[in-house]
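From first to last, the protein sequence lines are chains A and B. At position 379 of the first sequence the residue is numbered 379 (the numbering used here), and the sequence of numbers has no breaks. At position 154 of the second sequence the residue is numbered 579 (the numbering used here), and the sequence of numbers has no breaks. Contents: one structure, followed by commentary.
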Amino acid sequence: MVATLAEKIIARAAGRQSVRPGEIVTAKIDLAMIHDSGGPRRVEPILKDLGVGLFDAGKVVLISDHFVPGDTDEGARILELTRQWAKERKVAFHDGEGICHVVLPEKVHLRPGMFVVGGDSHSPTGGAFGCYMFGVGATEMAGVLATGEIWLKVPGTIRIEWQGRLGLGVTAKDIMLALCGRLGMDGGKYQAVEYAGEAISALSMQERMTLSNMAAELGAQAGLIGPDETTARWLEGVGSDPGDWSGLKSDPEAALLEHHVFDAAALEPQVAAPHSPANAAPVGDAPATPVDVAYIGACTGAKYDDLKRAASILRGRHTAAGTELMVAPSSRRDQDRATDEGIMKIFEDAGARILPNACGICAGYGADRLGENVTCISSTARNFKGRMGAASSNVWLASPYTVAASAVAGRIADPREFLRAGDGA
Amino acid sequence: MSGRIFLFGDDIDTDQLAPGQYMKGGLAELAAHCLEAVRPDFPASVGPGDIVVAGRNFGMGSSREQAAEALKFLGVAAVVARSFAGIFYRNAINLGLPVIVAEGDLGAVRDGVEAVLDLDAGQLQPAGAAPIVLEPLPDNLKALLADGGLVPHLKKRFAAERGQDW
């Protein structure tokens, strides 16, 4: 029976030959990921109340990232509770090694075809590896940890195809901001988005992760990319066995809910004005807004590939007077690699302040959150009013290229002004 | 159930429902700021039994379930919207807050009027206006809501399983 990739993974997890969109099924989960914010401190009281333990400690991964580095009393207390819980419950634990969505695949927890839930709204990131992965709240996660299963309404698939190749200075973040602008923040209809086409196949795994991650901003449940040689090579590179992924693709005849086709070559670098990712427009259409803070951080904006792009603009340049550049590499692994290659030195020479491998100010936690009336250009995924700090702060979203260019210019700037041919994606 | 309608537009996000800066202060403090960014009088004027009616994509954004908890804390009996963000929708049901998609046009709904919400009949009846047809809730979600949310639902299930073991 023909099926989309989403339907194939869900059918297997639900113990069925096939499933149809709209059906409600109960699926067994292969893995549950939780973090310090929505994890132990929220789920343990519920597990206690239910009087049950974990369904399978070997299928639970805990990652501390939201309150790292514990620079407030509350953050330190939450981290301590998180560490204690990891010991007591004997789950895999990655402490201060980076942001959960980036660390999970790095640490060999994801294989194509898995059915995974995460206690964070950006959990669709796992879709880049051909996993059906989505985010849930803490109560639902407690239910998952207690039972090992979850209900879902089988989604229809929205295929988003990007034909051709991306131009110089244009990245996965620009694709996503443009999609948020064109389809809207409910364009995904809580269905499965599947990215495809020549431009997608040409992307690195970390760029694909940005696409899957921001399926959340499209309002989709999952954001999938069919595994290919790029996926397999990346997984082998971190010491993982990709398994047999050959059947993990949508059949060409499978019914789609929607099919969108876009021209990658025509896409320009984007910025999304405050306070919604859907306020996206080509950077050239944005007013030359002065920026107080340029932030290169988060799961969608400070992975190795992101750091490398930002550094290609910052090399030999310095941030403008009055503009502060903060860089929070997404994981320790990526920061180590960037250090070895001289990328971190470029940031330091450019005047950047380097923050720990964690969520940083993306979700408004910690000491560096934005103050009153601050204008920030950020490589993060979401710019809702007040999210990164004071309600009076204004956050523009852009690619790491565009954030770096804006840090140098002291205003929102087109990265192509700073890039030479050969520096491109 | 019946109560007053509190009317909102499209794209009500989780930072409006549960503002990040009040997340530390506990549910009572958080609820006191629920939706104030779009309607400052909401936390003080909404009361038990009242119904929130909204446009598209209600609850978009974060997975933080305090967004639904805050509404429940303020006594909101149900949210009726053109569409919901997926995680918020799941969180609300899991916490025992009915969230129902309106199939019918909400254009004639007026803020502040009394309304009767009949989940079994799948209809919202605002005073002095035509009834609005609601999308039927799937059976599994009806069962969850009838038990008061996921935790009591699982307690019941585990108790039954233990019963069978004996």
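Backbone N, C-alpha and C fix where the C-beta goes; we use that ideal spot for every residue, glycine too. Bear in mind the structure is a predicted one, so any value in this text is a computation, not a measurement.
For residue i, the nearest candidate out of the options (CA to CA)
| i | options | result |
| --- | --- | --- |
| Gly532 of chain B | B:Ala510, B:Ala555 and B:Gln548 | B:Ala555 |
| Phe433 of chain B | B:Ala585, B:Gln548 and B:Asp536 | B:Asp536 |
| Val327 of chain A | A:Arg317, A:Ala320, A:Gly316 and A:Ala311 | A:Ala311 |
| Leu520 of chain B | B:Glu528, B:Arg489, B:Leu544 and B:Ser508 | B:Arg489 |
| Tyr132 of chain A | A:Gly51, A:Val43, A:Ile29 and A:Asp120 | A:Ile29 |
| Arg582 of chain B | A:Ser331, A:Glu44, A:Thr147 and A:Tyr195 | A:Thr147 |
| Asp436 of chain B | A:His275, A:Leu355, A:Phe347 and A:Glu348 | A:His275 |
| Lys189 of chain A | B:Val471, B:Phe483 and B:Pro465 | B:Phe483 |
| Tyr447 of chain B | B:Arg481, B:Ala495 and B:Ile430 | B:Ala495 |
| Cys362 of chain A | A:Arg337, A:Trp396, A:Gln335 and A:Tyr401 | A:Trp396 |
| Ser331 of chain A | A:Ala266, A:Gly351 and A:Asp305 | A:Asp305 |
Neighbourhood of residue i by C-beta distance below 6 angstroms, restricted to the same chain and skipping five residues each side
| i | result |
| --- | --- |
| Gly424 of chain A | Note on Gly424 of chain A: pLDDT 49, under 50, position unreliable in the model; the coordinate value appears next. Correct list, in chain order: Leu168. |
| Arg333 of chain A | Glu106 |
| Pro444 of chain B | His458 |
| Gly75 of chain A | Phe67 |
| Ser246 of chain A | none |
| Ala413 of chain A | Ala405 and Ser406 |
| Ile46 of chain A | Ala142 |
| Ile512 of chain B | Ser488 |
| Arg42 of chain A | Ala138 |
| Val504 of chain B | Val477 and Val524 |
| Ile158 of chain A | Gln191, Val193, Leu257 and Glu258 |
Residue i classed as buried or exposed, judged by whether at least 16 other C-beta atoms fall within 10 angstroms
| i | result |
| --- | --- |
| Arg353 of chain A | exposed |
| His101 of chain A | buried |
| Val2 of chain A | exposed |
| Met205 of chain A | buried |
| Glu140 of chain A | buried |
| His94 of chain A | buried |
| Asp263 of chain A | exposed |
| Asn394 of chain A | buried |
| Asp71 of chain A | exposed |
| Pro287 of chain A | exposed |
| Asn516 of chain B | buried |
| Ser470 of chain B | exposed |
| Arg420 of chain A | exposed |
| Val117 of chain A | buried |
| Asp438 of chain B | buried |
Interface flag, residue i vs chain B, CB-CB below 9 angstroms
| i | result |
| --- | --- |
| Phe384 of chain A | yes |
| Lys153 of chain A | yes |
| Ser435 of chain A | Any property of residue 435 of chain A remains undetermined from this structure, which presents chain A solely from 1 to 425. |
| Arg182 of chain A | no |
| Gly364 of chain A | yes |
| Leu50 of chain A | yes |
| Ala367 of chain A | no |
| Gly424 of chain A | Low local confidence applies: a pLDDT of 49 at Gly424 of chain A is under 50, so the model's placement there is unreliable, and no value is given. |
| Met133 of chain A | no |
| Gly127 of chain A | no |
| Arg387 of chain A | yes |
| Asp71 of chain A | no |
| Met185 of chain A | yes |
| Thr171 of chain A | no |
| Glu80 of chain A | no |
Residues near residue i in its chain [Cβ-Cβ closer than 8 angstroms; skip 5 each side]
| i | result |
| --- | --- |
| His578 of chain B | Ala568, Leu569 and Asp572 |
| Pro242 of chain A | Arg111, Pro112, Pro227, Thr231, Ala232, Leu235 and Glu236 |
| Glu348 of chain A | Ile354 |
| Ala254 of chain A | Val2, Ala3, Thr4, Glu7 and Thr157 |
Residues sharing a beta bridge with residue i, DSSP
| i | result |
| --- | --- |
| Arg353 of chain A | A:Met326 |
| Thr375 of chain A | A:Asn394 |
| Ser64 of chain A | A:Asp95 |
| Thr157 of chain A | A:Ala192 |
| Thr132 of chain A | Per the sequence shown, residue 132 of chain A should be read as Tyr rather than Thr. Answer is A:Phe115. |
| Lys90 of chain A | DSSP lists no partner for Lys90 of chain A. |
| Val576 of chain B | Note: Val576 of chain B sits in no beta bridge, so no partner. |
Min CB distance residue i to chain A below 9 angstroms
| i | result |
| --- | --- |
| Val534 of chain B | no |
| Asp436 of chain B | yes |
| Ala456 of chain B | no |
| Phe497 of chain B | At residue 497 of chain B the sequence reads Lys, which differs from the Phe that was named. No, Lys497 of chain B does not count as interfacial toward chain A. |
| Ile525 of chain B | no |
| Phe433 of chain B | no |
| Glu490 of chain B | yes |
| Ala585 of chain B | no |
Any non-hydrogen atom of the ligand FAD within 8 angstroms of residue i CB
| i | result |
| --- | --- |
| Val102 of chain A | This structure lacks the ligand FAD, and indeed carries no ligand of any kind. |
Same chain only: Cβ atoms within 7 angstroms of residue i, ignoring 5 sequence neighbours per side
| i | result |
| --- | --- |
| Pro290 of chain A | Thr375, Gly410 and Arg411 |
| Val19 of chain A | Glu7, Ile10, Ala11, Val25 and Val154 |
| Leu575 of chain B | Asn519 and Leu569 |
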